[in-house]
Structures are given as structure tokens and as C-alpha cells.
Amino acid sequence: MACGYALGISGTALSEAQNYIHINDFWVGLIGAGSLLGLMGSTIIGRIADRIGRRKMLMIDMYVFSLFSLLQLLTINQLALFLICFFIGLMIAIDYTVGNSLLVEWLPLNESGKKQSQLIIYWTIGFIFSYIAGITIHGFGSRNW
Numbered sequence: 001m002a003c004g005y006a007l008g009i010s011g012t013a014l015s016e017a018q019n020y021i022h023i024n025d026f027w028v029g030l031i032g033a034g035s036l037l038g039l040m041g042s043t044i045i046g047r048i049a050d051r052i053g054r055r056k057m058l059m060i061d062m063y064v065f066s067l068f069s070l071l072q073l074l075t076i077n078q079l080a081l082f083l084i085c086f087f088i089g090l091m092i093a094i095d096y097t098v099g100n101s102l103l104v105e106w107l108p109l110n111e112s113g114k115k116q117s118q119l120i121i122y123w124t125i126g127f128i129f130s131y132i133a134g135i136t137i138h139g140f141g142s143r144n145w
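Structure, rendered in C-alpha cells:
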């Protein structure tokens with residue numbers, strides 16, 4: 001759910017942020033695409049996870065993902081915001097790649113497909129919640145985004 005929420009909230013938050021950090025259309029597009037560009041890291045994550053260890057990598061990923069998500073609150077620098085979004089996308093790529101393979105390894109064959117389908121459902125719920133949160137949160141002024 002956290003990954004779906006993180007990808008979804010960036011769209012609503014970025015439109016709100018434009019009112020306070022005065023970014024032009026180029027940076028809006030780049031920051032908005034940052035997490036999607038980070039997702040391209042999934043092409044190499046599998047090999048890295050095989051060397052480091054999937055379980056260890058997934059645990060580290062969740063902490064780093066949380067840290068980068070919180071760092072978004074502390075910056076108004078456009079380049080820093082783009083890099084943070086990029087690294088959030090990379091952390092999501094790790095979650096998708098490593099988390100899914102761990103799930104397949106641990107579960108019995110007759111439960112594996114069902115649980116993988118549930119991952120997609122939970123991702124979608126997180127994405128939906130991000131838009132609900134983006135629409136309903138008000139009253140924080142310049143920190144609303």
C-alpha cells in the first residue's frame with residue numbers, strides 16, 4: 001500500500017506545491033517523472049539482490065523508503081526534490097522486484113498466485129487513498145503539499 005500511496009500522492013502534492021515553491025513546468029514534469037525514472041532501476045535490482053541477499057535488501061529498502069519519503073517535507077530545492085523522488089522510485093523498484101520474488105520463494109505453490117494478486121490490489125488501494133488524502137487534506141498553509 002505504501003508504494004501505491006507514494007506514487008499517487010506525488011501527483012496531487014506536486015500540483016499543490018506549485019503554489020508555494022514556484023516551480024516552472026519543466027521542473028514539474030521532471031519531479032513528477034522522478035519516481036517513474038527510479039522504477040527503471042528494477043532492471044538491475046535482481047542481480048544486486050542475489051549478491052546482497054533478498055531479505056536483507058528488502059528490510060533496508062523499507063527504512064530508506066521511509067527516510068526519503070520524510071525528506072520530501074524538508075526541501076523546497078527543485079533538484080533535491082527530483083533526486084528524492086528518483087530514489088523513492090528506486091526503493092519502490094526494490095520492493096517490487098525483491099518483495100515479489102521473496103513472496104514466491106516463501107509461499108506454497110497453491111497460495112503464491114493468490115498472494116501476488118493481493119499485492120496488486122493493495123497497491124491499488126494505496127494509490128486510491130493517496131488521491132483521497134490529496135483531495136481532503138487542507139489547512140496546513142505552505143506545508144499542505
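Mapping to UniProt numbering: the sequence shown position 71 is 71, numbers consecutive.
Cβ coordinates follow ideal geometry from the N, Cα and C atoms, glycine included.
None of the values given here were measured: they were computed from a predicted structure.
Problem - Boundaries (first-last residue) of the alpha helix (DSSP H) holding L70 - result: 54 to 71
Exercise for the section: In angstroms with no decimal places, state the Cα-to-Cα distance between A80 and Q118. Expected result: 34 Å
Practice task
Answer with buried or exposed for L109, where buried requires no fewer than 16 other C-beta atoms within 10 angstroms of its C-beta.
Solution key: exposed
Handout entry: I120 burial status per 10 Å Cβ neighbour count (16 or more: buried)
Key = exposed
Handout entry: Cβ shell of M40 (< 7 Å), same chain only, five flanking positions each side left out
Key = none
Practice task
Could you name the residues of the same chain whose beta carbon sits closer than 7 Å to that of L14, not counting the 5 residues immediately before and after it, in chain order?
Solution key: V28, I31, G32
Problem - Cβ neighbours of I92 in the same chain (closer than 8 Å, five flanking residues each side left out) - result: C3, A6, L7, S35, G38, L39, F65
Handout entry: M91: first and last residue of the uninterrupted alpha helix (DSSP H) it sits in
Key = 78 to 94
Exercise for the section: Answer yes if the segment 71 to 85 comes into contact with the segment 45 to 61, meaning at least three C-beta pairs across the two stretches below 8 Å, and no otherwise. Expected result: no
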